[in-house]
Amino acid sequence: MASLTPFSFRAGKSALHLLDVRCKFFIICLISMTMLKASLPAGFLYFLILMFLFKKAGLNIFSTLNSIKYFIVLLFFVFAARAFSMKGDMLFSFYGMSITKQGVNEGLLVAFKFFLVMLTGIIFSATTKPSCVKSAVQWFFKPVPFVPEKRLAIMISLSIGFMPVIALQARLISDAGKARCADLEKNPVKKIIHLVLPLLKKTFLSADNLVLAMESRCYSDDRTDPEFTPSGKEILFLAAGFVIALSFIYF
Amino acid sequence: MPGKIIEIDTVCHTFADGYKGLKNISLSISKGEFIILAGKNGSGKTTFLRHLNGLLLPDSGKIMVNNKNVSNNLVRTRKTIGMVFQDADAQIVGDTVFDEVAFGLENLKFKRAKINKKVSLILEYLNLFHLRERNPSTLSGGEKRKIAIAGILVMDPEVILFDEPFSNLDYQGTIQVLKTIIDLNRSGHTIIIATHDIETMICEATRIIIMEDGVIKKDGKPHDIVKHLESHGVKEPCSSRFGLGLQPWLP
Amino acid sequence: MNNSKQLKMTVYTSLFVAFIAIGAFIAIPIGPVPIVLQNMFVLLAAIILGPLWGLACVGIYLLIGLAGLPVFAGGTSGIGKLFGPTGGYLLGYLPCVFVTAGISKALGKKLSTDIIAMVIGSLIVYGAGVPWLKVVTSMTFEKAVAVGMYPFLIGDALKIIAAAFIAKTLRPVINL
Ligand SMILES: Nc1ncnc2c1ncn2[C@@H]1O[C@H](COP(=O)(O)OP(=O)(O)OP(=O)(O)O)[C@@H](O)[C@H]1O
Ligand SMILES: [Mg+2]
Chain A
47 MASLTPFSFR
57 AGKSALHLLD
67 VRCKFFIICL
77 ISMTMLKASL
87 PAGFLYFLIL
97 MFLFKKAGLN
107 IFSTLNSIKY
117 FIVLLFFVFA
127 ARAFSMKGDM
137 LFSFYGMSIT
147 KQGVNEGLLV
157 AFKFFLVMLT
167 GIIFSATTKP
177 SCVKSAVQWF
187 FKPVPFVPEK
197 RLAIMISLSI
207 GFMPVIALQA
217 RLISDAGKAR
227 CADLEKNPVK
237 KIIHLVLPLL
247 KKTFLSADNL
257 VLAMESRCYS
267 DDRTDPEFTP
277 SGKEILFLAA
287 GFVIALSFIY
297 F
Chain B
8 MPGKIIEIDT
18 VCHTFADGYK
28 GLKNISLSIS
38 KGEFIILAGK
48 NGSGKTTFLR
58 HLNGLLLPDS
68 GKIMVNNKNV
78 SNNLVRTRKT
88 IGMVFQDADA
98 QIVGDTVFDE
108 VAFGLENLKF
118 KRAKINKKVS
128 LILEYLNLFH
138 LRERNPSTLS
148 GGEKRKIAIA
158 GILVMDPEVI
168 LFDEPFSNLD
178 YQGTIQVLKT
188 IIDLNRSGHT
198 IIIATHDIET
208 MICEATRIII
218 MEDGVIKKDG
228 KPHDIVKHLE
238 SHGVKEPCSS
248 RFGLGLQPWL
258 P
Chain C
51 MNNSKQLKMT
61 VYTSLFVAFI
71 AIGAFIAIPI
81 GPVPIVLQNM
91 FVLLAAIILG
101 PLWGLACVGI
111 YLLIGLAGLP
121 VFAGGTSGIG
131 KLFGPTGGYL
141 LGYLPCVFVT
151 AGISKALGKK
161 LSTDIIAMVI
171 GSLIVYGAGV
181 PWLKVVTSMT
191 FEKAVAVGMY
201 PFLIGDALKI
211 IAAAFIAKTL
221 RPVINL
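Here's what the structure looks like:
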C-alpha cells in the first residue's frame, strides 16, 4: 500500500502535526472553498506560505511534485483547453487554432488554483494520522441528524485496515495466477473474474472472522468518544486561515 | 478446591447445513487451569471455544460462566472470557496499536482517562509500549499475536481462550507468545488453548482434552493422556515417544 | 440477532469501501489500455449491499477522500480532486450505486437483470462525469464525450459482465 499512497501520513513534531485535527480540517476547507475567488498575487502569496509549511513539516516538495505528476499533466490539459477556447486578443495561431492572451491568463490561474488546492490536501494528509481523521469526521458529524457518527468512525478505520490486506491479497492472487499461466487466458471477462472472485471470497471470509472478533470484544455503537489534544496554537492558525481566506475573497 | 468457573452441561450444536458440530459435551473447568484442547482438523475445537465466548449458542444443554447462563449474559460472559482468534490479521480493528488495544474498553464505555491508563499499563506489561503508535498490520506475527492478547487482557478477563495461537509463527514468535501465555497462567488466569500440535506447551498444561467429531474422547492429566494422543490423530510429543517423558519445550 | 446482522453489514460495507479505494489502483492489462476496476467495485457494492448500505459505502469512500486520505486515483486526495476535472465521475458514483442497487433489488437479483441495472448505473456515472469535465476544462461537448466516455465503454461492458457472474457466485457464499 505504501507505493499506492504517496501522501500517507509522515510522523513528525511540527506545529502542523500537533495542531488539533478539527481546527486543521476546518482551515483546509475554508481555504479550499475560498480559493475559487483567489487572484494570482494572493494565490502566489499563499503558495509561498505553503512552501514554508512544507519545509516546516519536513516534506520534500520535489518528491511531492514527482508523485503527483499525472495530476500535473491533467492540469496542463485544463490550461490548454482554456488557452485555446477563450475569445480575446490573439497571441499566435496555428492550423486554424488560436491562443489568446485572456485564455492563457485564465488557464494559468485555474490550473494554478487546482494545484494549490491539491498541495493543501497533501500537506493535510501528510501531517494527520488516519485515526485522527476518523475522530475529526466523527466530531463534525455529531450534530448531523440521521448519521450514526460513531459507526461511521468505526467503518472508516475498518476500511483503512482492509486496504493493505486487499492490496497484498491482490498481488498474491495475481502471482499465483501467473504461476499457473493465467497470462495465456485471452478471454478478458474470465481474466477479471479470475482475479476478483478469489479476492472477494478470501477477504469476505476474513471479514466474517473480524465480525466475530468484534463481537467477542463487546462491540457496541455506543462507545467512548475520541479525545482531542489541542496544541494551544489553534487560535493563531485559525486567525491566519481567516486572513488568507479573506485575502482570496477581496484581492 | 478452587471454584468452578465454567460448567458445561450436555451441549449440542447443529450448523445451518445440518452438520452436528458438537455432540453432548459436558465438562467443568476450575479457576487457574491450563487446558490444552487437542484434536485434528475439523474435530470441533473452534466450534467449542466459540460457545464458551457466546459467539455460538448451544441448541440444547447449557453453559454457565460464574453461575450465569451464557445465552442470557453475552456481554458479561465476554468480559469474563476473552478470546484470541486463529487469524491474527483478521482481528485487527484499530489503526494504531494503542487504538487496537483500547477497542474493547471503548465498547464498554470506559472514561477516556481510564482507558489511557489501562492500555498503557497493559502495553508496558507485555513490552509493547514502544510500538503504541505503529500500525498493527505492519508488525511481525508474534507482535500481532501479543497485541491481540493485550486487547483481551485490558478488559480484565478471568479466562483466556486461544485458538491455534502458534499458527504462522516462527521460533522466536512462538517463544514470545508461549512465555506470555505461561505468565498469564501464573498470574491467575485460566487458559484454554485449542491446537493440533501440543508439543510446545504440554509441560505447562494441567489438563488435556481430546476432541474428535464434535465429541470429547479423552479428558485428563497430560501424563495419562499422552499415550492416547496418536489414536485420535494428534501427534505425540517426541520426548514422550522416545521414552524421555514430558520435556519442557522452552529453552 | 438483528444486532449481529447489522455488525455484519457494517463490516462488509467497510470492506467494499476499501475495495473501491484499492480498485482505483488495480489495473488488468487487456489490450492497449489497462482497465481499472474501481467502477466495477462500485457496481458490485450496489448489487451486493443493496441501496442503503451501498449509498453509505460510496458516501464513506468520498468522505475519506475528501477528508484527506489518499484513496482517489493517482494517489491524490482531498477537495482538489473531488472538485477537479474528474470529480464528476466520483460524485456520480453516489446516484449510480443507489439506482443500480434499487433496480437490481426490484428486478429480483437475477444475472440478466443485474446486467441491466449495472448498465444504467454506468450511464449515470458518465451523465455526471462528462458534463463536469466539459465545464471544468471548457471543452466542447463532443470532445468531452470523445475523451471522457468512448474510450472506456468496451472495458465497462467487460466489467459489467464479469461483475454479474461474480455477484452470482458470491451471494450464496456470504449469504446476506
Ligand atoms: N458455519 C458452519 N457451517 C457448517 N459446518 C461448519 C461451520 N463451521 C464449522 N463447520 C464444520 O464443523 C466442523 C468442526 O469445525 P471446527 O472449525 O470447530 O474444527 P477445528 O477443530 O477448529 O478444526 P481446525 O483445526 O481446522 O481449526 C468441521 O467439519 C467444519 O466443516
Ligand atoms: Mg479451528
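Residue numbers (the working numbering), protein chains in the order written: chain A, 47 to 297; chain B, 8 to 258; chain C, 51 to 226. Every residue gets a Cβ at the ideal spot worked out from N, C-alpha and C, and that includes glycine.
Report task. Could you list the residues in the stretch 175–199 of chain C with a C-beta less than 7 Å from some C-beta on chain A, going in chain order? Result -> Val-186, Thr-187, Ser-188 and Met-189
Requested in this report: Could you tell me which residues DSSP pairs with B:Cys-19 in its beta bridges?
Outcome: B:Ser-67
Report task. Count the other C-beta atoms from every protein chain shown that fall within 10 angstroms of the C-beta of A:Ser-78, then say buried if there are 16 or more, exposed otherwise. Result -> Its Cβ being crowded by 16 or more others within 10 Å, A:Ser-78 is buried.
**Report entry** is_contact[A:Lys-224, chain C] using C-beta, thresh 8 Å
**Finding:** Not closer than 8 Å to any Cβ of chain C, the Cβ of A:Lys-224 fails to qualify, so no.
Report task. Tell me where the alpha helix (DSSP H) around C:Met-199 begins and ends. Result -> From DSSP, C:Met-199 is part of no alpha helix (DSSP H); its letter is neither H nor E.
Requested in this report: Could you tell me which chain A residues have their CB closer than 7 Å to the CB of B:Ile-122, listed as they occur along the chain?
Outcome: Thr-270
Requested in this report: Name, in chain order, the residues that DSSP records as bridge partners for C:Ala-106.
Outcome: In the DSSP assignment, C:Ala-106 is bridged to no other residue.
Query raised in the report: Hey, how far is the Cα of A:Val-235 from the Cα of A:Lys-101?
Result: 48 Å
Query raised in the report: Sorry if obvious, but does the Cβ on B:Ser-50 come closer than 7 Å to a heavy atom of ligand 1?
Result: yes
Requested in this report: For A:Thr-80, go through chain C and note every residue whose CB falls closer than 9 Å to its CB, in chain order.
Outcome: Here the premise fails: no neighbours, minimum Cβ distance about 12 Å.
Report task. Round the Cβ separation of B:Ile-167 and B:Val-91 to the nearest angstrom and send it over; I've been treating them as touching at under 8 Å. Result -> 7 Å
Query raised in the report: Using the beta-carbon count (16 or more within 10 Å), is C:Gly-118 buried or exposed?
Result: buried
Query raised in the report: Taking 8 Å as the CB-CB limit, is A:Val-289 close to chain C?
Result: no
Requested in this report: Identify every run of the alpha helix (DSSP H) within the stretch 164–232 of chain B, keeping only runs that are complete inside it and at least 4 residues long; order them along the chain.
Outcome: Whole alpha helix (DSSP H) segments, 4+ residues: 178–193 and 229–232.
Query raised in the report: Between C:Ala-74 and C:Gly-138, is the Cβ-Cβ spacing less than 8 Å?
Result: No, the pair does not count as a contact, with Cβ atoms beyond the cut-off.
Requested in this report: Could you please tell me which residues of the stretch 251–283 of chain A, in chain order, have their CB closer than 7 Å to any CB of chain B?
Outcome: Ser-252, Asn-255, Leu-256, Leu-258, Ala-259, Met-260, Glu-261, Ser-262, Arg-263, Cys-264, Tyr-265, Ser-266, Asp-268, Arg-269, Thr-270 and Glu-273
Requested in this report: Starting from the Cα of A:Arg-263, find the closest Cα among B:Gly-111, B:Leu-135, B:Ile-216 and B:Ala-155 and give me that residue.
Outcome: B:Gly-111
Requested in this report: Give the DSSP-derived three-state secondary structure of B:Glu-14 in the structure shown.
Outcome: strand
**Report entry** Cross-chain neighbours of A:Ala-228 in chain D, by beta carbon under 7 Å
**Finding:** Going by chain labels, chain D is absent from the structure shown, which instead holds the protein chains A, B and C.
Query - When C:Phe-202, C:Thr-187, C:Leu-112 and C:Thr-60 are compared against C:Trp-103, the one with the closest alpha-carbon - result: C:Thr-60
Query raised in the report: Since B:Thr-87 contacts B:Glu-165 with CB under 8 Å, what's their CB separation in whole angstroms?
Result: 5 Å
Query raised in the report: Taking the alpha carbon of A:Cys-69 as the point to measure from, which residue in A:Ala-157, A:Ser-293 and A:Ala-285 has its own alpha carbon closest?
Result: A:Ala-285
Query raised in the report: Is B:Asp-170 near ligand 2, going by C-beta to nearest heavy atom under 7 Å?
Result: yes
Query raised in the report: Any residues in the stretch 127–148 of chain B with a beta carbon nearer than 9 Å to a beta carbon of chain A? Which ones, in chain order?
Result: Glu-140, Asn-142, Pro-143, Ser-144 and Thr-145
Query raised in the report: Within this structure, are the beta carbons of B:Gly-227 and B:Ile-215 separated by less than 8 Å?
Result: yes
Query raised in the report: Taking Cβ positions, are A:Ser-203 and B:Asp-102 nearer each other than 8 Å?
Result: yes
**Report entry** Cα-Cα separation between A:Phe-288 and C:Gly-100, rounded to whole angstroms
**Finding:** Whole-angstrom Cα-Cα distance: 42 Å.
Query - C:Tyr-143 CB to nearest heavy atom of ligand 1 below 7 Å - result: Result no, Cβ not under 7 Å from ligand 1.
Requested in this report: Answer with yes or no whether the minimum CB distance from C:Val-108 to chain A is below 8 Å.
Outcome: no
Query raised in the report: Sorted by chain position, which residues of the same chain lie with C-beta nearer than 8 Å to A:Ile-95's C-beta, five sequence neighbours on each side aside?
Result: Ile-290
Query raised in the report: Cα-Cα, which of B:Leu-251, B:Ile-205, B:Lys-121 and B:Leu-253 is closest to B:Lys-47?
Result: B:Ile-205
Report task. Might you give, ordered along the chain, the residues of its own chain that have their beta carbon closer than 8 Å to the beta carbon of C:Arg-221, omitting 5 neighbours on each side? Result -> Setting aside the 5 residues that flank it on each side, C:Arg-221 is surrounded in the same chain by Ile-98 and Lys-159, each with a C-beta closer than 8 Å to its C-beta; the list follows chain order.
**Report entry** The beta strand (DSSP E) enclosing B:Asn-31, as first and last residue numbers
**Finding:** 27–37
Report task. Within the same chain, show all residues whose beta-carbon is closer than 6 Å to that of A:Leu-251, passing over the 5 residues directly before and after it, in chain order. Result -> none
Query raised in the report: Under the three-state reduction of DSSP, which class applies to C:Gly-137: helix, strand or coil?
Result: helix
Query raised in the report: Should B:Ala-201 be counted as a contact of ligand 2 given a C-beta to heavy atom distance under 7 Å?
Result: yes
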